[in-house]
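In this note's numbering, the protein residues as written are 460 to 833.
For each residue, glycine too, the CB sits at the ideal point set by N, CA and C.
Here is the structure we will look at, set down as structure tokens.
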Ligand code: FE2
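Right, dumping it as structure tokens:
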């Protein structure tokens, strides 16, 4: 059963107030080329850069932005570094989910006191644009959370990054902000990470889905959505469940070589425009059968968007008692079947598209079968 828990009363002070997702940093094999893809296909703008030209001898990092979505693509310039090892093991993937806070020292002290493993203790950096304090703790797999305190900084990203001129290559697609970021964890590990987000970071259970909600003929998974106090940051956590064949979560864990970020959901105010633009710019999306759309009006009732348009673009719709939401999923954006994206537009609904799980997972399994991994 899906359980909505978002009315849960808050009884304690939020010891980890978050202002939102500050940025997501990816470790990749070739940051220059990855950045090109996200500029031309996703429509992000290059806003800052750090590398040998700015005094960083071991790496190059490209900072891309669209709306409030900020991605950093970092590559190692030499073998043997933790960046190079991360890429060798996982392929291109998310290393850092950075969260903006008022007080990074406080965030680090509160979370480490509750059992978080410190990855880096609070440190201050500064340049002519001001100063920033960052601190990091470990999350699932090799993923980390970095707390970023940037209230006294007005540079393009962080000290040490140079600002880039207006990006002529970027082709904007209307992406606004990160809606949620999903982690895949191993067998029976979901509750351990749910407890981590509850106990260490003060998050609350927002919704949960069991294997009856999320199963097809072949496979199943379970998911719990954790949300911070103000609801700006939501982390669903998935684990595999027993099925007749290998689940999409197991495929991910095999190719990512462990737990990690499965998908990033990016919000738009105009999903018809965003998806049409991204498709025209070369982003591959999953498709669902025609029958999904013949049943759609009966399932979700009246909606603003023409159903033929939705079908042409492959956009899915779900409704709950608060409204409806539109969503679509890309294919994995690397050769390993690991990280993919969701594009989402919320029209009242705060849910995650439970009514689409079956159609969606069958679409994912058709792709898994093509890869010989089902
Ligand atoms: Fe999602």
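Residue j beta carbon less than 7 Å from that of residue i
i, j, result
"residue 809", "residue 740", "no"
"residue 478", "residue 504", "no"
"residue 636", "residue 526", "yes"
"residue 594", "residue 557", "no"
"residue 508", "residue 521", "yes"
"residue 696", "residue 645", "no"
"residue 661", "residue 473", "yes"
"residue 677", "residue 702", "yes"
"residue 544", "residue 475", "no"
"residue 532", "residue 494", "yes"
"residue 733", "residue 633", "yes"
"residue 528", "residue 725", "yes"
"residue 819", "residue 827", "no"
"residue 707", "residue 684", "no"
"residue 534", "residue 487", "yes"
Classification of residue i by the beta-carbon crowding that lies within 10 angstroms, buried from 16 upward
i, result
"residue 567", "buried"
"residue 622", "exposed"
"residue 538", "exposed"
"residue 611", "exposed"
"residue 679", "buried"
"residue 700", "buried"
"residue 710", "buried"
"residue 579", "exposed"
"residue 753", "exposed"
"residue 647", "exposed"
"residue 796", "buried"
"residue 513", "exposed"
"residue 490", "buried"
"residue 609", "buried"
Reduced DSSP secondary structure (H/G/I, E/B, other) of residue i
i, result
"residue 650", "helix"
"residue 680", "strand"
"residue 523", "strand"
"residue 759", "helix"
"residue 697", "strand"
"residue 595", "strand"
"residue 542", "helix"
"residue 675", "coil"
"residue 821", "helix"
"residue 511", "helix"
Of all the beta strand (DSSP E) runs that stay within the bounds of the region 703–743, which reach a length of 3 or more residues? 719–727
Relative to the ligand FE2, what is the chain-ordered list of residues with a Cβ closer than 5 Å to any of its non-hydrogen atoms? Near the ligand FE2, meaning a Cβ closer than 5 Å to any of its heavy atoms, lie the following residues in chain order: 724, 801.
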